Amino acid sequence: MRKLLPILSFLLILSANTRAEEAPKTLTPEEQFVSDLGNQIITLIRSTNKLEEKRDHFRVLLKANFDMKSIGKFVLSRFWKQATDAQKDQFLKLFEQNMVDTYTSQFDQYKDETMVVNGSRRDEGDGAVWVNSKVQGPARDPVSIRWKLYDVNGKFKVYDIHVNEVSMCITHRSEYASIIGKHGGSIDGLIKDMQENKAARKDA
Amino acid sequence: MQAQRLLSIFTLLLLAGHAPSCAETKRSPEAELNSLTSDPSDEDFDPFESYNRGMFEVNHTLDTIFIRPLAEVYGVIPSPARKGVRNVLTNLRSPVTFINDVLLLDFPAAGESLARTLINTTIGFGGLFDMATEMNIGYHSADFAETLAAAGLPSGPYLILPVLGPATPRDILGKAGDFGMNPVNWVIINNEWDEAYYVIGGLELLDRRKEATGFTDEIVDKAMDPYAKVRDIYRQIRVVNIVDAEAEDSDSPKPLESE
Numbered sequence: 001m002r003k004l005l006p007i008l009s010f011l012l013i014l015s016a017n018t019r020a021e022e023a024p025k026t027l028t029p030e031e032q033f034v035s036d037l038g039n040q041i042i043t044l045i046r047s048t049n050k051l052e053e054k055r056d057h058f059r060v061l062l063k064a065n066f067d068m069k070s071i072g073k074f075v076l077s078r079f080w081k082q083a084t085d086a087q088k089d090q091f092l093k094l095f096e097q098n099m100v101d102t103y104t105s106q107f108d109q110y111k112d113e114t115m116v117v118n119g120s121r122r123d124e125g126d127g128a129v130w131v132n133s134k135v136q137g138p139a140r141d142p143v144s145i146r147w148k149l150y151d152v153n154g155k156f157k158v159y160d161i162h163v164n165e166v167s168m169c170i171t172h173r174s175e176y177a178s179i180i181g182k183h184g185g186s187i188d189g190l191i192k193d194m195q196e197n198k199a200a201r202k203d204a
Numbered sequence: 205m206q207a208q209r210l211l212s213i214f215t216l217l218l219l220a221g222h223a224p225s226c227a228e229t230k231r232s233p234e235a236e237l238n239s240l241t242s243d244p245s246d247e248d249f250d251p252f253e254s255y256n257r258g259m260f261e262v263n264h265t266l267d268t269i270f271i272r273p274l275a276e277v278y279g280v281i282p283s284p285a286r287k288g289v290r291n292v293l294t295n296l297r298s299p300v301t302f303i304n305d306v307l308l309l310d311f312p313a314a315g316e317s318l319a320r321t322l323i324n325t326t327i328g329f330g331g332l333f334d335m336a337t338e339m340n341i342g343y344h345s346a347d348f349a350e351t352l353a354a355a356g357l358p359s360g361p362y363l364i365l366p367v368l369g370p371a372t373p374r375d376i377l378g379k380a381g382d383f384g385m386n387p388v389n390w391v392i393i394n395n396e397w398d399e400a401y402y403v404i405g406g407l408e409l410l411d412r413r414k415e416a417t418g419f420t421d422e423i424v425d426k427a428m429d430p431y432a433k434v435r436d437i438y439r440q441i442r443v444v445n446i447v448d449a450e451a452e453d454s455d456s457p458k459p460l461e462s463e
């Protein structure tokens with residue numbers, strides 16, 4: 001027993017140490033939200049459901065957790081003000097469909113990935129919270145994903161995602177601005193292209 | 205700090221015989237950010253759009269019939285082996301990171317890149333294993349284009365180069381600088397190991413192309429205007445590398461005011 005004591009205490013210290021290193025720090029509410037959302041998406045990716053079911057499920061997640069209207073407004077930037085309500089509605093529907101199709105079609109490549117939340121930062125200016133996360137898997141370099149959240153009436157919503165520091169919203173904005181420019185400033189031109197693009201995705 | 209940076213770079217440019225006028229060097233990171241994140245269809249950034257779109261198509265065709273299939277073949281190699289190749293390539297570039305850290309007067313970063321070079325070259329078997337990251341000295345990048353940007357050199361117009369893809373004159377100058385300052389290249393030149401260039405260049409190309417299959421391909425392939433999308437991604441990556449990553453966070457969606 002006397003011999004055992006130092007060994008036991010040594011093991012105790014060791015385990016306490018490793019616990020201090022490995023125990024996840026308590027997450028802030030925002031970090032917890034992103035962690036939960038990430039896990040829901042990963043569960044969806046790994047599920048054996050049909051692609052069509054996954055799409056529907058992803059759409060539900062998207063609608064519940066992303067402020068699609070605010071994102072849509074940002075993405076249309078100065079054209080949002082020019083758009084009629086009907087055009088806005090049409091655009092938002094197509095934009096949402098585009099998001100769902102683009103992300104779900106890549107699901108198969110991310111079956112073995114995991115997501116870890118590592119820290120967050122509050123923008124004192126306007127209250128946005130940026131949550132950092134890392135997606136890693138065996139096949140590729142880790143991908144950093146930063147999520148921009150606001151607390152809207154007591155519920156967190158996602159407003160932008162930066163994948164390896166590239167903002168998905170800014171990228172969409174540039175692309176749509178370019179297409180509207182191509183159509184001589186016509187929002188209907190963009191909507192028409194988006195409908196054709198949607199049809200093309202379905203065929204693929 | 206800014207003044208110090210400018211001074212060190214100014215000295216360097218003088219040595220290189222490229223002394224810019226003082227007026228040109230007065231360019232804050234904010235100005236850089238504004239110039240890069242201004243309206244995407246900004247003709248200031250892409251005045252050669254019609255040429256660029258043509259070359260983009262050429263590159264896309266080359267990629268489809270040639271480079272991408274090669275990268276797919278390269279992808280057959282098990283990923284630990286490819287990881288080793290990437291580690292070696294990264295290690296060969298690490299002196300460039302160190303030198304640019306010093307030029308940017310970022311001494312903590314310089315210390316890290318020097319330590320990484322020494323650790324990975326020795327106990328990492330010539331860079332094959334990234335032992336430095338295991339020891340919590342993580343990778344960061346720094347290149348001469350960033351150094352030039354910090355010195356106030358404007359990026360110049362967006363250009364699509366044959367095969368090499370998106371660039372700006374500042375990036376081209378930066379690449380030339382990176383090449384010239386890397387002692388690895390001096391060794392290769394002194395020993396006339398021409399094959400080494402082809403091997404390193406070829407592996408770099410395959411490694412990068414392989415990494416871009418998947419997410420990047422998907423984003424570009426499904427895009428309605430792939431050219432605009434690639435241009436924007438390129439622009440954003442350069443902004444992040446040059447300006448503090450968080451500086452651009454204000455340009456993003458916010459909750460709607462009640463309408």
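Taken in sequence, the protein lines are chains B and F.
Residues in the first sequence are numbered consecutively from 1, following my numbering.
Residues in the second sequence are numbered consecutively from 205, following my numbering.
Ideal Cβ placement from N, Cα and C applies to all residues, glycine included.
Computed from a predicted structure; not experimentally measured.
A distance below 6 Å between beta-carbons, with the five flanking residues on each side excluded, links glycine 381 of chain F to the following residues of its chain, in chain order: Phe348.
The beta-carbon distance between serine 144 of chain B and asparagine 153 of chain B, rounded to whole angstroms, is 30 Å. This is too long to meet the 8 Å contact definition. Three or more beta-carbon pairs drawn from the region 176-190 of chain B and the region 77-91 of chain B are found closer than 8 Å, and the two stretches are therefore classed as touching.
Close CB contacts of valine 34 of chain B within its chain, under the 7 Å cut and outside five residues either way in sequence, are with Val117, Val131, Ser133, Trp147 (chain order). Contact with chain B is found for arginine 439 of chain F, since one of that chain's Cβ atoms lies less than 9 Å from the residue's Cβ.
From the listed residues F:Pro430, F:Ala416, F:Leu410, F:Ile364, the smallest Cα separation to aspartate 250 of chain F is found for F:Ile364.
Listed along chain B are Gln106, each with a C-beta nearer than 7 Å to that of phenylalanine 419 of chain F. If you compare the alpha carbons of B:Asn65, B:Ser70, B:Leu94, B:Gly38 with that of glutamate 196 of chain B, the shortest gap goes to B:Leu94.
For proline 273 of chain F and lysine 433 of chain F, the gap between their C-alpha atoms comes out near 23 Å. Bounds of the beta strand (DSSP E) holding methionine 115 of chain B are 114-122. The Cβ neighbour count for proline 138 of chain B, taken over all protein chains shown within 10 Å, is under 16; the residue is labelled exposed. Residue state for tryptophan 397 of chain F is assigned as coil, using DSSP reduced to three classes. Two segments are said to touch when three or more pairs of C-beta atoms, one from each, lie closer than 8 Å; by this definition the region 403-421 of chain F touches the region 262-279 of chain F.
Taking a C-beta distance under 9 Å as the contact criterion, valine 403 of chain F and proline 299 of chain F do not qualify as a contact pair.
Between the region 288-299 of chain F and the region 315-333 of chain F there are three or more inter-stretch CB-CB distances shorter than 8 Å, so the stretches are counted as touching.
Put simply, the CB of serine 186 of chain B is far from chain F, with every gap to its CB atoms at 9 Å or more. Looking at the backbone, the Cα of proline 457 of chain F and that of tyrosine 438 of chain F are separated by about 20 Å.
At the C-beta level, threonine 372 of chain F and serine 359 of chain F come within 9 Å of one another. Note that the region 334-348 of chain F touches the region 300-313 of chain F; at least 3 beta-carbon pairs, one per stretch, sit closer than 8 Å. Between glutamate 113 of chain B and the set B:Val100, B:Asp141, B:Ala83, the nearest pair of CA atoms involves B:Asp141.
Taking a beta-carbon distance threshold of 9 Å, isoleucine 42 of chain B does not count as an interface residue toward chain F. Going by DSSP, tyrosine 110 of chain B is part of no alpha helix (DSSP H) at all; its letter is neither H nor E.
Less than 9 Å separates the beta-carbon of aspartate 453 of chain F from that of aspartate 123 of chain B.
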